[in-house]
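Asker: The numbering used here numbers the first residue of the sequence shown as 2 and each following residue consecutively.
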Amino acid sequence: MYVVGIDLGGTFFKVGLVDAKDGKIIRKIERETKVHEGRAKVVERMAQAVLEITEGFQYTGVGVGSPGSIDHDKGIVRFSPNFPDWVDFELGGELSSLLNKPVFVENDANAFVLGEKWFGAGKGHEHIVALTLGTGVGGGVISHGVLITGKDGIGTELGHVIVEPNGPLCGCGNYGCLEAIASATAIKRMAIEGQKKFPESEIFKAEEISAKVVFDAARNGDLLGQTIVNRVVNALAIGVANFIHIFNPSIVVIGGGVSRAGDILFTPLREKVKHLVMPSFKGTYEIVQSPLVEDAGILGAASIVLQRKMNQQ
């Protein structure tokens, strides 16, 4: 059985034809989203891309992982910051009418946790917390094999738990959210803010400041790099410990660009979380890096179809 996954972003979208049996991506393409041309054009371009990669194949449905607040029962994008005119937009219905196939829409962070459940580190687990550390911090939760979405389908905004009261301003309007400290955007911001105090830092020798540059500097013993990484790890540990106490997962999967830092992030994170969780939770969970890397978006979106079809049985 084949399904199609669309990883929808503000600048680009990726479309993949996925073998549901093993998660192998048979074909994939990337296209510019061109939001400025209006939503009808974007949907047309998505449909063309789907037709292109499915030529000669039979597929059962399309999953779309979209940023923003999603009414996943109706396939409606209620609001998405990267898509100004996509207010109460029936994305699922519009795309379905062009393809004559069922289309399911889900928030991209929820799609990420579904991808981990079907094809990634969460395979075989019924209780999963997944965090994606990229431009922002997204999260999704599966409990008893079911995706938790809340009353309006917009729950599990794990990036907006407050981990530093009176901390930095977050894009959501609050202060001290996990996203304001542990996202790639926040890491870059903290580096720029540290330039006055640490003008000699190797971070500023790089062509462009990024989260990777900060982690590499920390690995080399750079003081500013280490200071930022410690703050990121502390914030993440508080967040993860909270999620463990609330959701009691068997596995916590962390993905997104920042997760590629590897051991310098995961080793101290595991240690700190171990000290923060209540005794009854010790040994009940594992914290792992997502194995899906750059294909996480496509596989997550494809998993939406599989999860919905399973729920309908």
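Ideal placement from N, C-alpha and C gives every residue a C-beta, glycine not left out.
Should Gly69 and Thr34 be called a contact, given that it needs their Cβ atoms to be closer than 9 Å?
Answerer: Cβ atoms of Gly69 and Thr34: not closer than 9 Å.
Asker: If you pair each beta-carbon of the segment 250 to 266 with each one of the segment 125 to 138, do three or more pairs fall below 8 Å?
Answerer: yes
Asker: Would you call the CB atoms of Leu293 and Gly174 closer than 9 Å?
Answerer: no
Asker: Label Glu209 either buried or exposed according to how many other C-beta atoms from any shown protein chain fall within 10 Å of its C-beta, with 16 as the threshold for buried.
Answerer: exposed
Asker: Near Met279, which residues of its chain fall below 8 Å by C-beta distance, leaving aside the five closest residues on each side in sequence?
Answerer: His246
Asker: On the criterion of 16 or more Cβ atoms from any shown chain inside 10 Å, does Glu107 qualify as buried, or is it exposed?
Answerer: buried
Asker: Have a look at Arg220 and Ile265 and give me their C-alpha separation to the nearest angstrom.
Answerer: 7 Å
Asker: For the candidate residues Glu38, Val230, Pro85, whose alpha-carbon lies nearest to that of Ile188?
Answerer: Val230
Asker: So, helix, strand or coil for Asp20, using DSSP?
Answerer: strand
Asker: Is the Cβ-Cβ distance between Glu1 and Ile30 less than 9 Å?
Answerer: Past the boundaries of the shown model lies residue 1; the chain is included only from 2 to 314, so the question cannot be answered.
Asker: Does Lys125 come out as helix, strand or coil in the three-state DSSP assignment?
Answerer: Note on identity: in this sequence residue 125 is Gly, with Lys being the wrong assignment. Looking at Gly125 - three-state DSSP - the assignment turns out to be coil, as it is neither helix nor strand.
Asker: Since Gly39 and Asp86 should fall inside the 8 Å C-beta cutoff, what is the C-beta to C-beta distance between them, to a whole number of angstroms?
Answerer: Contact check for Gly39 and Asp86: beta-carbon distance about 7 Å, within the 8 Å limit, so the pair qualifies.
Asker: Give every residue of the same chain whose Cβ lies closer than 6 Å to the Cβ of Glu91, excluding the five residues on either side of it in the sequence, and list them in chain order.
Answerer: Ile77
Asker: Going along the chain, which residues of its own chain have a beta-carbon closer than 6 Å to the beta-carbon of Val104, five neighbours each way excluded?
Answerer: Val63, Gly93, Leu96, Ser97
Asker: Could you give the first and the last residue of the continuous alpha helix (DSSP H) run that contains Asp217?
Answerer: 212 to 220 is the extent of the alpha helix (DSSP H) around Asp217.
Asker: Return helix, strand or coil for Glu194, following the three-state DSSP convention.
Answerer: helix
Asker: Is Gly263 closer than 9 Å to Thr359 when the C-beta atoms are compared?
Answerer: Absent from the structure is residue 359, since the part of the chain shown begins at 2 and ends at 314.
Asker: Considering only residues of the same chain and omitting the five flanking positions on each side of Thr285, which have a CB-CB separation below 8 Å?
Answerer: Ile245, Asn249, Ser251
Asker: Helix, strand or coil for Gln290 per DSSP?
Answerer: strand
Asker: Over what stretch of residues does the alpha helix (DSSP H) that includes Ser184 continue unbroken?
Answerer: It is not in any alpha helix (DSSP H) - Ser184 carries neither H nor E in the DSSP assignment.
Asker: In chain order, what residues of the same chain lie with their CB nearer than 6 Å to the CB of Ser81, ignoring the 5 residues before and after it?
Answerer: Pro68, Gly69, Trp87
Asker: Determine the closest residue to Asn167 out of Thr157, Glu158, Cys178, Leu159, with distance taken between C-alpha atoms.
Answerer: That would be Cys178, whose Cα lies nearest to the Cα of Asn167.
Asker: Quick one: grab the DSSP three-state call for Val106.
Answerer: strand
Asker: Taking the alpha carbon of Val142 as the reference point, which residue from Leu115, Gly301, Ala192, Glu272 has its own alpha carbon closest?
Answerer: Leu115
Asker: Within the continuous alpha helix (DSSP H) that includes Gly301, where are the two ends?
Answerer: Annotation for Gly301: the continuous alpha helix (DSSP H) segment containing it runs 297 to 313.
Asker: Can Leu300 and Gly123 be called in contact, C-beta distance under 9 Å?
Answerer: no
Asker: Could you give the DSSP three-state label for Ser98: helix, strand or coil?
Answerer: Judged by DSSP in its simplified three-state form, Ser98 adopts helix.
Asker: Just checking my contact of Gly298 with Gly66 at CB under 8 Å: how many whole Å lie between their CB atoms?
Answerer: 6 Å
Asker: Are there 16 or more other CB atoms within 10 angstroms of the CB of Ala110, so buried, or fewer, so exposed?
Answerer: Residue environment for Ala110: buried (at least 16 other C-beta atoms within 10 angstroms of its C-beta).
Asker: Checking the sheet assignment: what are the DSSP bridge partners for Ala112?
Answerer: As far as DSSP is concerned, Ala112 takes part in no beta bridge.
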